[in-house]
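These notes concern the structure reproduced below.
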Amino acid sequence: MFQTLTWKCLENLSLPFLQSLKTIRVPIKVLAKLIENTSGHLIEVSIDYLRYSYVRHNTEIDNERIIRAIYQNCPNLIYLKIPFKSNNISEFGELLIKCQHLKGLHIIFDDANDDWEDGISIFNWDYLFEVLSKSSPNSLFMFKFYFDVTPKLEQLKSFFDNWRGRHPMLL
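The sequence shown begins at 1266 in the numbering used here and counts up by one.
This is the structure we're talking about:
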């Protein structure tokens, strides 16, 4: 109960001129409200770790809620660091389309226990790379990925080939 009361005071906090938001272990509901209450001035969002619900299905909904809060309320976003669930690739594509000023993207793949079947990763790298190459704004060129399972060389090559003709990447 103490943790709930501690965070509850931030749910209605209005920060209309906030430009940079850096968080660690902030509950989803509170973080989404903070983002919604910044009046579109955020240019940097850095989320190191999200406090998800403990039900597996809810973690995907929670992650989608944060992605949606960002693209609906941060049209001037330049840098984003976000934990990411693989089931939200389509929603993430919407973020890339709506945040046209994005230059830097740091994705922390947060599926350590979710996307495994018989000891094999079932993360859809092909789909993620397709969404990144088709939906990213022209301004995006800085990438950082943190993941437990690396994509295959062919998948990376395809991503780089599809990126050809755009601003050179900084990885």
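All residues carry an ideal CB built from backbone N, CA and C; glycine is no exception.
Checklist entry - At which residues does the beta strand (DSSP E) containing Glu1309 begin and terminate? => result Here the beta strand (DSSP E) through Glu1309 covers Glu1309 to Ile1312.
Item to check | Same chain only: Cβ atoms within 6 angstroms of Arg1429, ignoring 5 sequence neighbours per side | outcome: Excluding the 5 residues flanking it on each side, Arg1429 has no same chain C-beta neighbour closer than 6 angstroms.
Item to check | Beta-carbon spacing of Leu1361, Val1310 below 8 angstroms | outcome: At least 8 angstroms separates the beta-carbon of Leu1361 from that of Val1310.
Checklist entry - What residue does the alpha helix (DSSP H) around Ser1355 start on, and which one ends it? => result Looking at the DSSP string, the run of the alpha helix (DSSP H) that includes Ser1355 is Ile1354 to Lys1363.
Checklist entry - Where does the unbroken alpha helix (DSSP H) through Phe1394 begin, and where does it stop? => result Run containing Phe1394: Trp1390 to Ser1400, per the alpha helix (DSSP H) assignment.
Next on the checklist: Can you list, in chain order, the residues of its chain with a C-beta nearer than 6 angstroms to that of Leu1393? Leave out the 5 residues immediately preceding and following it.
Outcome noted: Closer than 6 angstroms at the Cβ level, and outside the excluded window around Leu1393, lie Ile1354.
Item to check | beta-carbon Tyr1314 near the ligand COA non-hydrogen atom, thresh 7 angstroms | outcome: As for the ligand COA, it is missing from this structure, which has no ligand bound.
Next on the checklist: For Cys1274, count the other beta carbons within 10 Å of its own beta carbon; 16 or more makes it buried, fewer makes it exposed. Which is it?
Outcome noted: Exposed: under 16 other Cβ atoms inside 10 Å.
Checklist entry - Tell me which same chain residues have a C-beta within less than 7 angstroms of the C-beta of Lys1409, skipping the five on either side of it? => result His1371, listed in sequence order.
Next on the checklist: Is the beta carbon of Ser1351 closer than 8 angstroms to that of Phe1388?
Outcome noted: With contacts defined as CB atoms closer than 8 angstroms, Phe1388 and Ser1351 qualify as a contacting pair.
Item to check | C-beta neighbour in chain D for Trp1428, strict 8 angstroms | outcome: Protein chain content of the structure displayed is limited to a single chain, and chain D is not contained in it.
Checklist entry - According to the neighbour-count rule (16 or more other Cβ atoms, all chains shown, within 10 Å of its Cβ), is Tyr1319 buried or exposed? => result Bear in mind that a pLDDT of 48 at Tyr1319, under 50, signals an unreliable position, so the number given afterwards is only what the model happens to contain. Flag for Tyr1319 reads exposed.
Next on the checklist: Measuring only the C-alpha atoms, how far is Leu1307 from Asp1426?
Outcome noted: Here the C-alpha atom of Leu1307 lies approximately 32 angstroms from the C-alpha atom of Asp1426.
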